[in-house]
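Accompanying notes for the structure given below.
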Amino acid sequence: MSMRSPTMSVLPPVRKDRIIPQFPHCFREDAALHIERDFNPKVKAACQEQRTGTVGFKIAKVIVVGDLAVGKTCLINRFCKDAFDKNYKATIGVDFEMERFEVLGVPFSLQLWDTAGQERFKCIASTYYRAAQVVIIVFDVTDIASLEHSRQWLEDALRENDPTAVQLFLVGTKKDLSSPAQYSQIERDALQVAQEMRAEYWTLSSLTGENVKEFFFRVASLAFETNVLAELEKSGSRQIGNIVRIQSNSSHLSKKRKQPACCQ
Ligand SMILES: Nc1nc2c(ncn2[C@@H]2O[C@H](COP(=O)(O)OP(=O)(O)O)[C@@H](O)[C@H]2O)c(=O)[nH]1
Ligand SMILES: [Mg+2]
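Under my numbering, think of the first position of the sequence shown as 726, with each following residue one higher.
Right, dumping it as structure tokens:
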């Protein structure tokens, strides 16, 4: 029996520039969530065989935090609207953008949360942080204080989340404003912070667009990979999706079902 997701028929196709056919590489290997050059082979196989379970219908919540004026809103707008410094929203409270991707042929969405400036008063509602899969901590590469504050932002974000389940990124913005000498100085500190936090480090410019798309492709791919692996683990040897494999020894199959992936 072959059934397609009902959502696929009502949603327009994913934009061409949101299709991720290959694994996006990290920015720096010394501060990366992992340094593999390709998707996890289990993930690739699962996508090829359409065994990704519910991942194709899932939305990963991504929150963006950091000091006021470091460039969080500009970063989101550069990626989502391909525009710089246009005032897209004058809303009060929290807001998010939905970005639909297609990773290895599977639909996958990011919900990118932006604040409406509450960081000025350090009074971000806990609902903003809650259930985030990805935390992006933003600092301004021309402002060392904003880097120093990144630890506090991390602490706040992790208070509402399972620290072991969150994927962390530390992102230096406004690269266009710093000279190579200035930049290399702050990068040294930023790499150290990233390593301590176990965050993946990136630097970019929302003004020029440098590294913005690469960065979000990386976020989407790592979030996707993690979700597929979790789905595969959850299902164990039970087949997910529509493909059922015939196993010669069914008692063996039922015994295997409860074992975590590490025992197989
Ligand atoms: N030169 C430059 N300016 C930027 C960049 N990103 C943001 N800005 C400026 O920094 C200011 C604050 O940006 P905004 O996105 O509102 O910061 P937020 O408070 O963190 O959301 C604005 O005046 C932007 O024009 C960038 O990449 N390069
Ligand atoms: Mg903002």
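Ideal Cβ placement from N, Cα and C applies to all residues, glycine included.
* Which residues bound the beta strand (DSSP E) around E824? -> In the sequence shown, the residue the question calls residue 824 occupies position 99. Per DSSP, E824 belongs to the beta strand (DSSP E) from 820-828.
* Check whether Y926 and A919 have beta carbons under 9 angstroms apart -> Taking the first residue of the sequence shown as 1, we reach residue 926 at position 201. Taking the first residue of the sequence shown as 1, we reach residue 919 at position 194. A contact, by the Cβ cut-off of 9 angstroms.
* Asked: For L758, is the beta carbon positioned less than 8 angstroms from some heavy atom of ligand 3?
  -> This structure lacks ligand 3; its bound ligands are ligand 1 and ligand 2.
* So, are the CB atoms of S871 and V795 less than 9 angstroms apart? -> Locating residue 871 in the sequence shown gives position 146, counting from the first residue. Locating residue 795 in the sequence shown gives position 70, counting from the first residue. Going by C-beta atoms, S871 is nearer than 9 angstroms to V795.
* **Reduced DSSP secondary structure (H/G/I, E/B, other) of Q877** => Counting from one through the sequence shown, the residue named residue 877 turns up at place 152. Note: Q877 maps to helix in three-state DSSP.
* **Separation of R884 from E956, as counted between CA atoms** => In the sequence shown, counting from the first residue as 1, residue 956 sits at position 231. In the sequence shown, counting from the first residue as 1, residue 884 sits at position 159. E956 and R884: Cα-Cα distance of roughly 25 angstroms.
* To do: Determine the contact status of T933 and A915, defining contact as a CB-CB distance below 9 angstroms.
  => The residue given as residue 933 occupies position 208 in the sequence shown. The residue given as residue 915 occupies position 190 in the sequence shown. No, the Cβ-Cβ distance between T933 and A915 is not below 9 angstroms.
* Asked: Going by alpha carbons, who is nearest to E935 out of A890, S834, F809?
  -> Working through the sequence shown from its first residue, we reach residue 935 at position 210. Taking only the C-alpha atoms, the option nearest E935 is F809.
* Is L932 near ligand 1, in the sense that its beta carbon is under 8 angstroms from a heavy atom of that ligand? -> Taking the sequence shown and counting its residues from 1, the one referred to as residue 932 is at position 207. Checking every heavy atom of ligand 1 against the Cβ of L932, one is found closer than 8 angstroms.
* Have a look at R943, S851, C805, V860 and flag the residue whose alpha-carbon is nearest the alpha-carbon of S931. => Position 206 of the sequence shown, counting from 1, holds the residue named residue 931. It is C805 whose Cα lies nearest to the Cα of S931.
* **Where D742 sits in the DSSP three-state scheme** => If you number the sequence shown from 1, residue 742 lands on position 17. Correct three-state label for D742: helix.
* Rounded straight-line distance, which links the Cα of D792 to that of G897 -> Within the sequence shown, residue 897 is the residue found at index 172, counting from 1. Within the sequence shown, residue 792 is the residue found at index 67, counting from 1. Between G897 and D792, the C-alpha separation is close to 12 angstroms.
* Within 8 angstroms: the Cβ of V860 and any heavy atom of ligand 1? -> Start at 1 with the first residue of the sequence shown, and residue 860 comes out as number 135. Result no, Cβ not under 8 angstroms from ligand 1.
* To do: Kindly identify the DSSP beta-bridge partner or partners of K786.
  => Within the sequence shown, numbered from 1, the residue matching residue 786 stands at position 61. K786 is bridged to Q836.
* In whole angstroms, what is the alpha-carbon distance linking A948 and S851? -> Counting from one through the sequence shown, the residue named residue 948 turns up at place 223. Counting from one through the sequence shown, the residue named residue 851 turns up at place 126. Computed Cα separation, rounded: 22 angstroms.
* Asked: Where E958 and A785 are concerned, what is the direct C-alpha to C-alpha distance, given to the nearest angstrom?
  -> By 1-based counting over the sequence shown, the position of residue 958 is 233. By 1-based counting over the sequence shown, the position of residue 785 is 60. One C-alpha to the other measures close to 18 angstroms.
* To do: Report buried or exposed for G830, applying the criterion of at least 16 other Cβ atoms within 10 angstroms of its Cβ.
  => Position 105 of the sequence shown holds residue 830. Counting Cβ neighbours within 10 Å, G830 comes out exposed, since fewer than 16 surround it.
* To do: Taking only the alpha-carbon atoms, compute the straight-line gap between Y854 and A882 and give it to the nearest angstrom.
  => Mapped onto the sequence shown, residue 854 falls at position 129. Mapped onto the sequence shown, residue 882 falls at position 157. Roughly 6 angstroms separates the two Cα atoms.
* Asked: Hey, quick one: how far does the alpha helix (DSSP H) through L893 stretch, first residue to last?
  -> Here residue 893 refers to the residue found at position 168 when the sequence shown is read from its first residue. Here L893 belongs to no alpha helix (DSSP H); instead the beta strand (DSSP E) covers 892-898.
* R845, buried or exposed, once every other Cβ within 10 Å from all chains shown has been counted against 16 -> Residue numbering aside, residue 845 sits at position 120 when the sequence shown is read from its first letter. When all chains shown are included, R845 counts as exposed.
* Report whether the distance from the Cβ of I841 to the nearest heavy atom of ligand 2 is below 8 angstroms. => Position 116 of the sequence shown, counted from the first residue, corresponds to residue 841. According to the sequence as given, residue 841 is Ala; it is not Ile. Answer for A841: yes, Cβ within range of ligand 2.
* Is there at least one non-hydrogen atom of ligand 1 closer than 8 angstroms to the beta-carbon of T898? -> Locating residue 898 in the sequence shown gives position 173, counting from the first residue. Answer for T898: yes, Cβ within range of ligand 1.
* Asked: Mind pulling the beta strand (DSSP E) runs of 3 or more residues that sit fully within the stretch 920-971?
  -> 925-928
* Pull up the CB-CB distance for M837 and F826, whole angstroms please, since I reckon it's below 8 angstroms. => Locating residue 837 in the sequence shown gives position 112, where the first residue counts as 1. Locating residue 826 in the sequence shown gives position 101, where the first residue counts as 1. Per the sequence presented here, residue 837 reads as Leu, with Met not at that position. Rounded, the Cβ-Cβ distance is 12 angstroms, inconsistent with contact.
* Asked: What do you reckon, are the CB atoms on V790 and V860 nearer than 9 angstroms?
  -> Numbered from 1 along the sequence shown, position 65 holds the residue referred to as residue 790. Numbered from 1 along the sequence shown, position 135 holds the residue referred to as residue 860. Contact flag set, yes.
* Put F809 into one of helix, strand or coil per three-state DSSP. => As a first step, residue 809 must be located in the sequence shown, where it is residue number 84. Coil.
* Asked: Can I849 and E822 be called in contact, C-beta distance under 9 angstroms?
  -> In the sequence shown, counting from the first residue as 1, residue 849 sits at position 124. In the sequence shown, counting from the first residue as 1, residue 822 sits at position 97. No, they are not a contact pair.
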